[in-house]
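Residue numbers (my numbering), protein chains in the order written: chain S, 1 to 312; chain Y, 1 to 897; chain B, 1 to 191; chain C, 1 to 329. Glycine included, C-beta positions come from ideal geometry on N, C-alpha and C. What you are looking at is a predicted structure, and each value in this text was computed from that prediction instead of being measured.
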Amino acid sequence: MNGPLGALMEPTGVPAGWEAYGDGKKERVGFFTDTSVCIGCKACEVACKEWNVIPEDGRVWTGESYDHTSQLDANSWRHVAFVEQRKPLFANGDSAELDVDTGGDGGTGLRWLMESDVCKHCTHAACLDVCPTGSLFRTEFGTVVVQQDICNGCGYCVPACPFGVLDKRHLAATTDPPPAFLGRKEDGRVWKCTLCYDRLKGGHEPACAKACPTKSIQFGPLEELRERADARLAKLDAEGWNGPRLYGRDPDDGVGGFGAFFLLLDEPEVYGLPPDPVVTTRDLPEMWTNMLAAAGALLAGVTALTLLGGRR
Amino acid sequence: MPSLGTSFGRGGATTFQQDLQNSDCIVIMGSNMAENHPVGFQWVMEARERGAKVIHVDPRFTRTSAMATKHVGIRAGSDIAFLGGIANYLLQNDLYFREYVEKYTNAPVIIDEHFADTEAGDGIFSGWDPEAGRYDIESWRYEGMEVHGAAGQRGEGFEPSGEQSGHGAAGGGLQHGEPPAEDPELQHPRCVFQILKRHYQRYTPEFVAETCGCSVDDFVEVCETLAANSGRERTSAFCYAVGWTQHTVGVQTIRTAAIVQQLLGNIGRPGGGIMALRGHASIQGSTDIPTLFNILPGYLPMPHTLSYHKLKNFIDSNTSPTGWWGEFKSYWVSLMKAYFGENATEENDWLFDELPRIDSDNSAYFTVRQMLEGNVKGYIIAGENPAVGHANGKAHRLGLAKLDWLVVRDIVEIESASFWYDSPEVESGELKPEEIATEIFFLPAAAHTEKDGSFTNTQRLLQWHWQAVEPKEDCRSELWFYFHLGRLIKQKLEDSEEERDTLIKALRWEYPTHSAVQEPDAEAVLQEVNGWEIESGKFLSGYPELKDDGSTLCGCWIYSGCFADGINQTARKKPHWEQESYVAPEWAWAWPANRRIIYNRASADPDGNPWSERKRYVWWDGSEGKWTGLDVPDFKEDKEPHYVPPDDAKAEDAIAGAHPFVMQADGRSWLYVPQGLEDGPLPTHYEPHESPFDNPLYSQRANPRRQQNKDLAEDPYNPVADEPGAELYPYVVTTYRLTEHHTAGGMTRSVPYLAELQPAMFCEVHPDLAREVGLEHGGWATIYTTRSAIEARVLVTERVRPLTMKDGRTVHQIGLPYHWGKRGLITGDSANDLAHMALDPNVHIQEVKAFTCGIRPGRRPRGPELPRFVAELRDQAHSRREQEPRAEPEEVRDTTP
Amino acid sequence: MLMELAKLLESWPALRQLREGDPLGLGKAVQSPRSESLVPRIDEAEHVVHSVCPYCAVGCGQLVYVSGGDVTHIEGDPASPISRGRLCPKGQASKSFVQSPLREYKVKYRRPYGTRWEELSLDDAMEMIAERIIRTRARTWRKRTEGGAPANRTMAIGNLGGATLDNEENYLIKKLMTGLGIVQVENQARI
Amino acid sequence: MTDTTFHLDGNPSITAAGTEMRSYYGRPIIKEPTWTWEIPTYFFTGGLAGASAVLSSAARVTGNRELARTALYVGAAADLVSPVLLISDLGRPERFHHMLRVVKVTSPMNLGSWVLLVSGASSTAAAALQLLDKWKPVRIAASIVAALAGPPLATYTGVLVADTAVPVWHDGRHELPWIFGASAAASAGAAASMFVRPENAGPARRVAVAGVLAEGALMEAMERRLGTIGEVYDEGEAGKFSRAAKGLAVAGTALLAKRGRKSRASAVVGGALVCAGELCLRWAVFKAGFQSARDPKYVVESQRRRVERDGTKATTKPGESSAPPGRGA
């Protein structure tokens, strides 16, 4: 199993399935979400919903700072996280330090982290790998998209995603309703960011990136975004920002690099992101081998126990 | 705003949003720009990325603070102390831009000897009449000059109203182009510079820290940063919004910033200026072409009941001998021709005698009082929601219930239309549907996509929007409604012989219509606004072409040129990448004359050269003999920098070549405002109408001239400062908007995608306060004043901090967004129900950014228990106050010279 | 028949995996015909209109896409030098706003002491409003103030609103109200 | 609706909570599976079908026709139920056939569908031919195919859950196919024991007993290796099912081992107890996954440990080199 198939499934840093487009292959595009300029306006959430005609996601006041969307799910494909912190925005305490000192007591700096989360469009995407129908597929732009005409709602991609991005829609179907004889009204399919696949096809940038007032969300060729992000990180470091780091920029990470990566100002888990995500199918060759061994053992064991020993 | 108007000549933002990218330092104060103007904020971020300092001074740590390089927390309502402190710091440490101050401001001007500062009058300027409760401004004047528009008419009881010199332009007319008495060395004890210096000398960093609750270091850092980023090579900008205006000292707060920016030499220059951030799509437009009681289009004053009974007086009094207001008559007559066409003639004084007259205050809050007193019978509301959006919502709802008839036009059924069956007062039993006599018409409105028209944005830019689809069913534009309403009324009164109908019969009211519903042609209206030569029908290219003989017609002189050459200039949509500079003059059309930075003559030095290469914008091209640059020069194109007006020069010709503020009578910006403001020539720190503190400077606690409703039962006030009973309302409350919602919520609570983003009314409190009163994060709180009580979810956050004031006293502040009401996809209590209706005297704006309240855990009482709860506390507070009533100085002190 | 079967077989992604160089079936081989032929709806719009955001005063440019007489999408106008194509959440929600589930399309009338809304035609409403204005104005007209100064007005009617309206609309409001002697004209500019 | 408001957990403010936060307001980082009761039930029926096919063929070799036939019927019955369960769990049942659009080696569910197709088709064909007593060679061929497809069918579900981001599942990937295989054997043996006369049920009982013992040992080993990640097997619903599984299986095994040989009734009860135990085991694994996904600490802590051990390329801090652009873009 580790032979040809294993090689086929070896993480390479190049999105599998993408090369097959041949001449139809486009430059790989993605998002660079720079949280150091995010003003938490949520335009991305709304732009996404408007364009993709996503249903409402519930009107629940959470008490979690200004975030009432709470998470990425079937009905929110962009989600802005808000984290208030008693940490200064600048680490070196120079004159640029943000503080809300109230009485000359040295002051505790406050900062308010805001981050617009989205599907990572992984280079090696677990959701895409495990999808049994080919509903999830790698597009010619190197992105990962759920095809709504194919998805049968098996839900496998949901726990497969190391970021918790994919989610089944339990609301009534708004498009392609299930046939009446099933007696189900629920949409039942899995939905997530498509990186505005249809807009890309028309030569338009994704809705969220277009709307973003401060260009916290940048869209473009991934390679260019990575260069831009490196420069940005160096600039913030030089300016003394507290804790800047890129997340998902490196093609050598557990998912082969994100197609949509981030500049964060704190640990990923603070934003609800896994600190070291891996594509679990990375272990699949080993798992298949292991399973075949188990299956063999089952075959051998049952046979042996049947053959060796009496009928009684 | 009269603050900008009186300081610089026009009431609009002095700059445009894109120019903020050129700033070296941006102070955002009285504004939460990132949250409320997110897309405009991109230009602040551009500046930050280029290394600019971004300073946010605000009671709360907001999404703007999160983006700033420095946030300074101050007590709500202490802005003048902070800004005055900056002025003092600049003056005491010689950090001001000397040449700019000397040449371009009225710093050298000597003031009348009868003028007495607040420092002499314990918080009251000279001229205070306690009986009338207002100032006689005569002693504020320049030495040897008569204050225009005040003296002479006083016999008729004229009030010099800031509003009338208002948003657009200080009528300001002094009698001559050049002030007669000035000291170029700025040393004369009565020159503006010295008066200013003395006025603010007690605004030391320590005073600022104790009054505002910030640290000395933070304050000094702000001053130093501003000073380091102003001057020849660098410029700083101020951005403000209603965080400054919605105070009883709102106008004076902005005035203080105007003083700071003049001292720093930042007006009329790239990266400088004062950016007024308006909150509605066409709020600038609705003052330029006003739906306001006291002005006509282009800031022309409405005739007053107590003055100018004859046209000649009226014209004379409003015509400035110098500056562009010297052409007042042309503007007036052209407007009358636009209104009444051939019915307005020289012989009938252009129908002046028939025009309606106003009193000193016929503002919305005045109208509410009149409703409550039963004097107003009919009311039309179009695109506004006073039941939620105005201070003291309950008073408004009770007022609406006393009308005979009410017309509400909106996209959704707002609370102002539904109050009769679902207001809090119906819930409490104070109103009963079957007892409300008001006849109500709700008319569905057309949305912006369903009509042609222009909005004037925050930077004075008129932008045309085209109709995309037809409005459905009964939905109609306001253009349709008012046009057909007028047509019907005129039709019905066609044969009337009544004298009162003369004017309406004379009204020009013919506009072409189109489509099945007979929608009036918006461009035809814009053409009338632009104006044309009556004889030839040729469209005017600008207000210099207006005539005072009735040969031109113009609906709004400052907008003249918006349809120049018969082309809708406001509809220009040339992409910015096809334009030569970032100024992008071929995108839409800005008043005046398509200028983007006004007073831009000041971007050059007195000789006409740029102050520095880095800050080039508009300069004198000696070889061509004209002003040139990136923008349309805000100056007569060929007037050379060294031009000295001859003695007999009039109007614009009387402005010197080195004086950039062409709307001002003296061509200078005004550090000191001798006329045009109700409450003083210089801004002074006063406490908010409701505040837990006394004024640390004076025994005069609050703005003496603020408008109050002392005798109105529906508008009671909390005891304040050390008054007994004040302890029941010990906290400072400030109201605001969130990015996700718009004002009173009618346009956002009805939108599913927005409703879910901020689904419930909440309050922001500090953990210390939460502990003090037992509030639980995520639980409920009841917030109360003498007006009402509301409930809100509790967000315990350190973004709203307690401040340590003088003598170590701690003050807690409570933050309340005001978007919620009884209707919509999401509902909640309205923060404005808590607010009072005490107003700024110049512009009649309510003080919702700083007042006092109490807070306790849990939900508010329901039904009839609610008013009982409020009344019990109020009665307790008021009876305690009665035992030790205090006499406010404004009620007794007479400072008339 | 056979041809069709062959075609069907040919389009079977499991076979396309081998034929199209996508052995793992992750990309092109599994792309559905619908995905392949997607067209963004803004490219299918019948017409596009330049507009301006109706919320705050920043004045962001909007592009309004229309198909079949309805707005199908609103997004930022990149040509605007102010907004450069960007919009905030409110501006971005403009389509949902103009198509709000709570939007009213019919005139509603509440008679004095009424306890419910009633239907009323727009024409009747206009007639009635015009009548109300004329009647109230006639009853409360003041030629002069109590002090004898000219007044030419009624203080019994007010008009509120304007900050969200077009300049042209405001122009007609002020013009009409001035003509009628209604002086209590106000808008949100103060609020 | 339940109270969804975030409580401060002893912190004085949301700001303090944000400062201390090690996961976003305690919200899950990964999503819980959306699968419902059909899936653990299918794990059981699939295992039963797979192991029964092997048992049947093996019995056939030894000439134990009763056992061979019974196991064949049990397997076929389980094979018939399985796709029904799977289809019923789909969000869009009418699109069940989309499972066969592709052959994806990266998708255990896809390959599993193919295996189930083969297994189901062969075992039901064999069973049908057995019933009809026709086409013996075909029946034999079908039985052989079923017996070969059976073990993968019984064990692939272990890979199916292990190939997810759910810590307790993914980290249990070494044991899960084995556990599922053992459990399948136990259930096949136990089911056969119920329906086969004791005198012919010896192999079935042995298979059942061996399966239970092997599965017990494997579970123990897995939980021990998983450490804190594995603690979900002791908690909540997973804990309940886990304990029930053990109790039922042990009781059933004891009964089968001690009295199954003699008492038909004991064989039936014992077999049923073991089957119930195996069903519970699948539920325990199933529920453990939900619990592991729900609490972000499992994701964070396991990944943090890995980061501390091996470092991570997921984040790039200033000055750290990361691979130059150019790959995969």
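Is residue j closer than 8 Å to residue i when the C-beta atoms are compared?
| i | j | result |
| --- | --- | --- |
| threonine 35 of chain S | leucine 113 of chain S | yes |
| threonine 804 of chain Y | threonine 797 of chain Y | no |
| arginine 153 of chain B | proline 356 of chain Y | yes |
| leucine 233 of chain S | leucine 246 of chain S | yes |
| proline 681 of chain Y | tyrosine 672 of chain Y | yes |
| phenylalanine 87 of chain S | threonine 315 of chain C | The amino acid occupying residue 87 of chain S in the given sequence is lysine; phenylalanine does not appear at that position. No. Outside cutoff. |
| tyrosine 731 of chain Y | glycine 815 of chain Y | no |
Identify the residues that DSSP records as bridge partners of residue i: which are they?
| i | result |
| --- | --- |
| methionine 275 of chain Y | Y:Cys239 |
| glutamate 776 of chain Y | For glutamate 776 of chain Y, which the question treats as bridged, DSSP gives no partner whatsoever. |
| alanine 760 of chain Y | According to DSSP, which records beta bridges pairwise, alanine 760 of chain Y is partnered with nothing at all. |
| proline 222 of chain B | The requested residue 222 of chain B is not part of the displayed model; chain B covers only 1 to 191. |
| aspartate 73 of chain S | S:Ser76 |
| cysteine 853 of chain Y | Y:Tyr731 |
| histidine 898 of chain Y | As shown, chain Y starts at 1 and ends at 897. That puts residue 898 of chain Y outside it, with no answer to give. |
| arginine 134 of chain Y | Y:Asp129 |
Can you pull the chain Y neighbours of residue i, defined as C-beta to C-beta under 9 Å?
| i | result |
| --- | --- |
| tryptophan 12 of chain B | By Cβ distance, chain Y contributes nothing, its closest Cβ being about 40 Å from tryptophan 12 of chain B, past 9 Å. |
Please compile the residues from chain S whose C-beta is within a distance smaller than 8 Å of the C-beta of residue i.
| i | result |
| --- | --- |
| valine 39 of chain Y | Pro213 |
Which residues in chain B sit within 7 Å of residue i, going by Cβ to Cβ distance?
| i | result |
| --- | --- |
| glycine 199 of chain S | Checking the displayed sequence, the identity of residue 199 of chain S turns out to be arginine instead of glycine. Going along chain B in sequence order, the residues near arginine 199 of chain S (Cβ under 7 Å) are Pro40. |
Assuming residue i contacts residue j under a Cβ cut-off of 8 Å, what Cβ separation, rounded to an integer in Å, is found between them?
| i | j | result |
| --- | --- | --- |
| phenylalanine 180 of chain C | threonine 155 of chain C | 5 Å |
| serine 560 of chain Y | glycine 271 of chain Y | Not quite, the Cβ-Cβ distance comes to about 30 Å (not below 8 Å), so this is no contact. |
| serine 123 of chain C | alanine 76 of chain C | 5 Å |
| aspartate 112 of chain Y | tyrosine 142 of chain Y | 7 Å |
| serine 187 of chain C | leucine 67 of chain C | Wrong, their Cβ atoms sit about 15 Å apart, outside the cutoff. |
| aspartate 452 of chain Y | glutamine 463 of chain Y | The pair is not a contact, with the Cβ atoms about 12 Å apart (cut-off 8 Å). |
Run through chain Y and tell me which residues come within less than 8 Å of residue i, C-beta to C-beta.
| i | result |
| --- | --- |
| lysine 42 of chain S | Thr739, Glu740 and Leu757 |
| valine 130 of chain S | None at all; the shortest Cβ gap to chain Y is about 31 Å. |
| histidine 7 of chain C | His777 and Gly778 |
Closer than 9 Å by beta-carbon distance: list the chain B residues that pair up with residue i, in chain order.
| i | result |
| --- | --- |
| aspartate 253 of chain S | Ordered by position in chain B, no residue passes the 9 Å Cβ test against aspartate 253 of chain S, which lies about 19 Å from the chain. |
| threonine 106 of chain C | Leu24, Gly25 and Leu26 |
| lysine 210 of chain S | Glu75, Gly76, Pro78, Gly85, Arg86 and Leu87 |
Which residues of chain C have a Cβ atom closer than 9 Å to the Cβ of residue i, listed in chain order?
| i | result |
| --- | --- |
| glutamate 269 of chain S | Met21, Arg22, Ser23, Tyr24, Ile29, Pro296, Val299, Val300, Gln303 and Arg304 |
Output, in chain order, the set of chain S residues within a Cβ distance shorter than 7 Å of residue i.
| i | result |
| --- | --- |
| leucine 795 of chain Y | Gly63 |
| leucine 72 of chain C | Under the 7 Å cutoff, chain S gives no residues; its nearest Cβ is about 13 Å from leucine 72 of chain C. |
Taking contact to mean 3 or more Cβ pairs, one atom from each stretch, closer than 8 Å, check whether the stretch 485-502 of chain Y and the stretch 302-310 of chain Y are in contact. The stretch 485-502 of chain Y, when compared against the stretch 302-310 of chain Y, does not touch it at the 8 Å Cβ threshold.
Would you be able to state if there are at least three C-beta pairs under 8 Å between the stretch 435-449 of chain Y and the stretch 403-410 of chain Y? yes
Taking 8 Å as the threshold, find out whether the stretch 45-53 of chain Y comes into contact with the stretch 15-29 of chain Y through three or more Cβ pairs. The stretch 45-53 of chain Y vs the stretch 15-29 of chain Y: in contact.
Closer than 7 Å between beta carbons: that is the criterion. Which residues of the stretch 798-815 of chain Y meet it against chain D? Any reference to chain D falls outside this structure, whose protein chains are S, Y, B and C.
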